[in-house]
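According to our numbering, the stretch in the sequence shown is residues 6 to 113, in order.
Ideal Cβ placement from N, Cα and C applies to all residues, glycine included.
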Amino acid sequence: MRFKIKKGDTVEVISGRDKGTKGEVLRVLSTEDRIVVRGVNLRKKHQRQVQAGGRQMNPGIIQFEAPIHLSNVMLVCPKCGEATRVTVRRTEDGAQRVCKQCEAVMDV
(Lines of atoms letter the chains of each structure in order from A and count residues from 1; the text may use other names and numbers.)
(Lines give C-alpha, C1' and ligand atoms only; values in the text may rest on other atoms or scores of the structure.)
Protein backbone atom coordinates (compact mmCIF):
# COMPACT_ATOMS: atom_id res chain seq x y z
CA MET A 1 0.00 0.00 0.00
CA ARG A 2 2.08 2.88 -1.29
CA PHE A 3 -0.41 5.74 -1.09
CA LYS A 4 -2.72 6.42 1.82
CA ILE A 5 -5.05 8.47 -0.40
CA LYS A 6 -7.38 6.73 -2.85
CA LYS A 7 -9.87 7.74 -5.51
CA GLY A 8 -13.12 8.94 -3.91
CA ASP A 9 -11.52 10.14 -0.64
CA THR A 10 -12.12 13.64 0.68
CA VAL A 11 -8.96 15.68 1.10
CA GLU A 12 -8.09 19.19 2.29
CA VAL A 13 -5.41 21.33 0.64
CA ILE A 14 -2.85 22.42 3.26
CA SER A 15 -0.60 24.66 1.15
CA GLY A 16 -0.69 26.75 -1.98
CA ARG A 17 -3.25 29.04 -3.60
CA ASP A 18 -6.21 26.76 -2.73
CA LYS A 19 -5.25 26.32 0.95
CA GLY A 20 -8.19 25.26 3.11
CA THR A 21 -10.27 23.91 0.21
CA LYS A 22 -11.83 20.46 0.57
CA GLY A 23 -12.66 18.24 -2.37
CA GLU A 24 -13.04 14.70 -3.65
CA VAL A 25 -10.12 12.86 -5.25
CA LEU A 26 -10.90 12.20 -8.92
CA ARG A 27 -7.66 10.49 -10.00
CA VAL A 28 -4.42 9.29 -8.44
CA LEU A 29 -1.32 9.60 -10.63
CA SER A 30 0.97 7.20 -8.78
CA THR A 31 4.02 7.52 -11.04
CA GLU A 32 4.12 11.31 -10.55
CA ASP A 33 3.06 11.43 -6.84
CA ARG A 34 0.13 13.69 -7.79
CA ILE A 35 -3.64 13.63 -7.44
CA VAL A 36 -6.52 15.43 -9.15
CA VAL A 37 -9.04 16.99 -6.73
CA ARG A 38 -12.48 18.30 -7.73
CA GLY A 39 -12.57 22.13 -7.62
CA VAL A 40 -8.88 22.55 -6.77
CA ASN A 41 -6.05 23.92 -8.97
CA LEU A 42 -8.39 25.02 -11.75
CA ARG A 43 -6.70 25.88 -15.04
CA LYS A 44 -7.98 27.33 -18.32
CA LYS A 45 -7.00 26.00 -21.72
CA HIS A 46 -7.70 27.76 -25.01
CA GLN A 47 -8.93 24.99 -27.30
CA ARG A 48 -8.78 25.25 -31.09
CA GLN A 49 -11.44 23.51 -33.19
CA VAL A 50 -10.02 20.11 -34.18
CA GLN A 51 -11.37 17.19 -36.16
CA ALA A 52 -10.33 13.94 -34.55
CA GLY A 53 -11.74 10.55 -35.40
CA GLY A 54 -14.61 11.88 -37.50
CA ARG A 55 -15.95 14.23 -34.81
CA GLN A 56 -15.28 17.85 -34.00
CA MET A 57 -14.08 19.26 -30.72
CA ASN A 58 -15.69 22.62 -30.05
CA PRO A 59 -13.43 25.66 -29.76
CA GLY A 60 -13.37 27.89 -26.71
CA ILE A 61 -11.91 28.18 -23.25
CA ILE A 62 -12.00 24.93 -21.30
CA GLN A 63 -11.63 24.90 -17.51
CA PHE A 64 -10.21 21.76 -15.89
CA GLU A 65 -8.60 20.53 -12.67
CA ALA A 66 -4.82 20.15 -12.91
CA PRO A 67 -2.92 17.65 -10.74
CA ILE A 68 -1.62 18.75 -7.33
CA HIS A 69 1.28 17.18 -5.45
CA LEU A 70 0.43 14.59 -2.82
CA SER A 71 2.38 16.45 -0.12
CA ASN A 72 0.06 19.47 -0.41
CA VAL A 73 -3.06 17.62 0.77
CA MET A 74 -4.23 15.80 3.89
CA LEU A 75 -6.93 13.18 4.16
CA VAL A 76 -10.15 14.25 5.91
CA CYS A 77 -11.47 11.77 8.48
CA PRO A 78 -15.13 10.89 7.82
CA LYS A 79 -15.86 10.59 11.56
CA CYS A 80 -14.24 13.72 13.06
CA GLY A 81 -14.32 15.78 9.83
CA GLU A 82 -10.80 17.18 10.26
CA ALA A 83 -7.67 16.86 8.14
CA THR A 84 -5.59 14.20 9.79
CA ARG A 85 -2.63 11.91 9.37
CA VAL A 86 -3.33 8.27 8.67
CA THR A 87 -1.71 5.08 9.88
CA VAL A 88 -2.04 1.66 8.30
CA ARG A 89 -2.92 -1.34 10.45
CA ARG A 90 -2.34 -4.79 9.08
CA THR A 91 -5.07 -7.35 9.73
CA GLU A 92 -5.68 -10.89 8.53
CA ASP A 93 -8.11 -9.46 5.95
CA GLY A 94 -5.57 -6.96 4.61
CA ALA A 95 -4.73 -3.38 5.52
CA GLN A 96 -6.96 -0.73 7.11
CA ARG A 97 -6.41 3.02 7.19
CA VAL A 98 -6.93 4.47 10.67
CA CYS A 99 -7.26 8.13 11.73
CA LYS A 100 -4.42 9.22 14.05
CA GLN A 101 -6.69 11.58 16.05
CA CYS A 102 -9.90 9.64 16.70
CA GLU A 103 -8.76 6.07 15.86
CA ALA A 104 -11.64 5.63 13.37
CA VAL A 105 -11.24 3.06 10.62
CA MET A 106 -11.54 4.76 7.22
CA ASP A 107 -11.87 1.63 5.07
CA VAL A 108 -15.28 0.08 5.25
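Using DSSP bridges, identify the partner residues of residue i.
{"i": "A57", "result": "R60"}
{"i": "F8", "result": "Paired residues: none, contrary to the question."}
{"i": "M79", "result": "E17"}
At the level of alpha carbons, what is the spacing between residue i and residue j?
{"i": "D23", "j": "V78", "result": "10 Å"}
{"i": "T96", "j": "D38", "result": "26 Å"}
{"i": "G28", "j": "S35", "result": "19 Å"}
{"i": "M6", "j": "Q61", "result": "Because the pLDDT at M6 is just 48, under 50, the model does not fix this residue reliably, and the value given afterwards should be weighed accordingly. Computed Cα separation, rounded: 41 Å."}
{"i": "N63", "j": "A57", "result": "11 Å"}
{"i": "D14", "j": "G65", "result": "32 Å"}
{"i": "K84", "j": "R43", "result": "21 Å"}
{"i": "H51", "j": "E108", "result": "46 Å"}
{"i": "D98", "j": "K11", "result": "18 Å"}
{"i": "G25", "j": "V91", "result": "19 Å"}
Ordered along the chain, which non-local residues of its own chain (more than five positions away) have a Cβ less than 8 Å from that of residue i?
{"i": "R48", "result": "Q68, F69, E70, A71"}
{"i": "V55", "result": "Q61, M62"}
Going along the chain, which residues of its own chain have a beta-carbon closer than 6 Å to the beta-carbon of residue i, five neighbours each way excluded?
{"i": "T89", "result": "C82, C104, K105, Q106"}
{"i": "H74", "result": "R39"}
Considering only their Cβ atoms, is the gap separating residue j from residue i smaller than 8 Å?
{"i": "F8", "j": "V33", "result": "yes"}
{"i": "A100", "j": "V93", "result": "yes"}
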